[in-house]
Each structure stands twice: as structure tokens, then as C-alpha cells.
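One structure below.
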Amino acid sequence: MNKYWIILMITAGSFTSGYTQTYVSKNGMIRFYSEASLEKIEAVNRQVNTALMSTTGDFVFRVLIKSFNFEKAMMQEHFNENYLESDKYPEATFVGKITNIRDINFTKEGSYPADVEGKLTIHGQTQPIKQNGTLEIKNDAVTAKAKFSILLADYRISIPNTVVNNISKSIEITVEVMMSKLNK
Amino acid sequence: MKLWIRILLGLAVAGIAAAFFVYHFVINKPHPDFEKIKPDYTLNAGAFYNEFKTSRENASKLYNGKVIEISGKLSRVENADTLTIAVFVFSKGMFGDEGIRCVMLKKYSEDAKKLKPDGTIRIKGYCTGFNETDVIMEHCSLIYNQK
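Chains A and B supply the protein sequences, listed in that same order. Numbered by our numbering, the letters in the first sequence go through residues 6 to 189 in order. Numbered by our numbering, the letters in the second sequence go through residues -17 to 129 in order.
Here it is, written out as C-alpha cells:
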């Protein structure tokens, strides 16, 4: 089991008797998009596992690479076999914190800016990441939204010379996850 | 017609045919029809889940990217956005129920919504892996005829 997942589980467990609330989702959405001169590439994954601790701001998500769905079957094959090597690296993870969690009132509905910092692991490579997003509180649920770009080279995802003009060197990642209170 | 013109025309026709073939059957080839694919493995749902819990690495090597048919007692059916998910629960962890989550093909969504909890069902789908809490199956179809 991933060590960061264990840390969050221990953290969650240690606060269960207090007022900390854990919000979870097993159906979060991550979309990535890239557009180069010849081709746009887009894929969606709607099986994203997410957990957020309302007091500490600990925030993790875990996504299975093979659960990304493409419009074109060939793109999906290349994505899994040549670029992300999903048999070798079956998942991507984010482990971090919402650093301004104290500014977010989980008992009051509204949209709050969220500053997120942590480590993103894709293709077996981990990079620090710092992004802004929003947390929307409504009907006891929390929806986290963020949009950011990453460079493929940072995650050692290499593009063959034959298709180098077809694929952008960076991809835009959109995250949208509606989390519900975890009932113990 | 001169020979060289016929050769050129023949090459042009062959080129167009090859381009069509590549575009249609390679670049734009359809996604696999998971409903019709013969399963690589047929298993009891609980045993399938336990294999991942016991050794994620071994089970992943065996089942990730494969079409699996499972049978077992359904726990519930969830609706998330446009998705219908048949859920088999086998344990409870720090983040809630854990088990197998089967994302139904659209064609089977309505039938899946009518399934009763605790009923024994058979489902076939494409295993994308284990995310430490659940085994995920996508493009799932219900198998109606009991063996």
C-alpha cells in the first residue's frame, strides 16, 4: 500500500473521535487535453478515488491509468502501451494539502478559493506541484475543481520523433470531484 | 492507354486503398466490443477481490487489462453523473465500503438499476486495476442466462 495513503488513513483514524470530517469520492473526474498542430487528444477518467480531511486539509487522489477513456481506440492503446506504460505504472496519485484550509468554512455553503500543494506521481515520477483551485460547499458535499498544465518531460513521458508534431509537450488537466461526508 | 499511365493509375488506386485501410482499420479502428468478448477469466467475485487484497502485484499482472466475468451477491447499484455502477462490497476500510465497482455499459444501465441488493448476478467487464480500496471494472454487461 502506498505510504502516503497509509499516512492519510492514520491521520483520518486519529481524528475520528474529534470534529474532523473526512470527505470522500470514488467517482471523481479527471480529464486531460492536449492540442497540437495535427491532433487533439482528450481522455476522461470518472473513477477517481479522493479523500479530503476538513481540519488538516490533507487531500489525496488516486487514479487508475487504464480507466482513462479516449474517443479513439488507437490513442487509448498508445497511451497505455507506449506513453504511460500502464502495465508497469498502473496508477497516478496526488498527495498533498489544501494550505488555506482554515479559510474554508465547511458549514457554510459557498465557493472558496483553495491553494493546493503536494506531490503528483505519474509514470513512476514524482514532482512537486502547487496550484489554485476552488472548493464548493453545498448540501453537505464538497466539490473540488482545478485546472492546470504539466509538462510530459517532467514525468519522463517521451514522444517518439515520428509523432512529435502531433502531440503537445504539455497537457492540461481538469479535476472535478464531488465528495460526500464519510459515514463511519 | 500507355503502359506508364496504367502503372501510375494502378499505383494511385493502390495508394488510395491503402490510405483508406489504414485510416479506417488502424487510425479509426473501433473500441473493442466488450459485451461480445469472451472473458479471459471467470471467477467468484469474492475470490477475485481477495486476490487483489492478498497480493495486488500478482493479481494486477494476471487481471489488469483483461475481460473478467464475475458472479456474486450484489450489494447495491449507484448512480454517479451519467454512470451506473454495480457494487460488490466485501470489506469496510477507513474510507468506507471496499469491494468491486462495475461501471455498466449504457445499454445495461436501466437493467442494472432494477437489480435488487443481495441478489446473485453475473457481470462481465474490463478490469482496469485495484486502487487500494476497490477493484474497478469498466464497460460492464450483465449476463442473464444462468449456467
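C-beta: ideal position from N, C-alpha, C; glycine also. As the structure is a computational prediction, the values presented were derived from the model and not from experiment.
Check, Outcome
"Validate contact between the region 105 to 115 of chain A and the region 77 to 84 of chain A using beta carbons, cut 8 Å, 3 pairs", "no"
"Buried or exposed by the 16-neighbour rule on C-beta atoms within 10 Å, applied to ASN54 (chain A)", "buried"
"Pick from B:GLY78, B:ASN61 and B:GLU114 that is closest to GLU92 (chain B), judged by C-alpha positions", "B:ASN61"
"Between the CA atoms of TYR31 (chain B) and VAL117 (chain B) - distance to the nearest angstrom", "7 Å"
"Residues from the region -4 to 17 of chain B in contact with chain A, defined by Cβ distance under 8 Å", "VAL8, ILE9, ASN10, LYS11, PRO12, HIS13 and PRO14"
"Interface flag, LEU43 (chain A) vs chain B, CB-CB below 9 Å", "no"
"SER42 (chain B): contacting residues in chain A (beta-carbon distance under 9 Å)", "ASP92 and PRO95"
"Beta carbon proximity, LYS129 (chain B) to chain A, threshold 9 Å", "Because LYS129 (chain B) sits at a pLDDT of 45, beneath the cut-off of 50, its placement in the model cannot be relied upon, and the following sentence gives the value as read from the coordinates. With 9 Å as the cut-off, LYS129 (chain B) does not count as an interface residue toward chain A."
"Contact set between LEU(-9) (chain B) and chain A, taken where Cβ atoms lie within less than 9 Å", "Neighbours of LEU(-9) (chain B) on chain A: none; closest Cβ ~29 Å, over 9 Å."
"C-beta neighbour in chain B for THR27 (chain A), strict 9 Å", "yes"
"CB contact check: SER69 (chain A) to chain B, cutoff 9 Å", "One detail in the question is off: residue 69 (chain A) reads as Leu in this sequence, not Ser. Chain B contact via Cβ: present."
"For PRO21 (chain B) and ILE141 (chain B), the rounded distance between their alpha carbons", "Because chain B here runs from -17 to 129, residue 141 (chain B) falls outside it and cannot be looked at."
"Residues, ordered as in the chain, of the region 56 to 80 of chain A that lie near chain B by beta-carbon distance below 7 Å", "ALA56, ARG67, LEU69, LYS71, SER72, LYS77, ALA78 and MET79"
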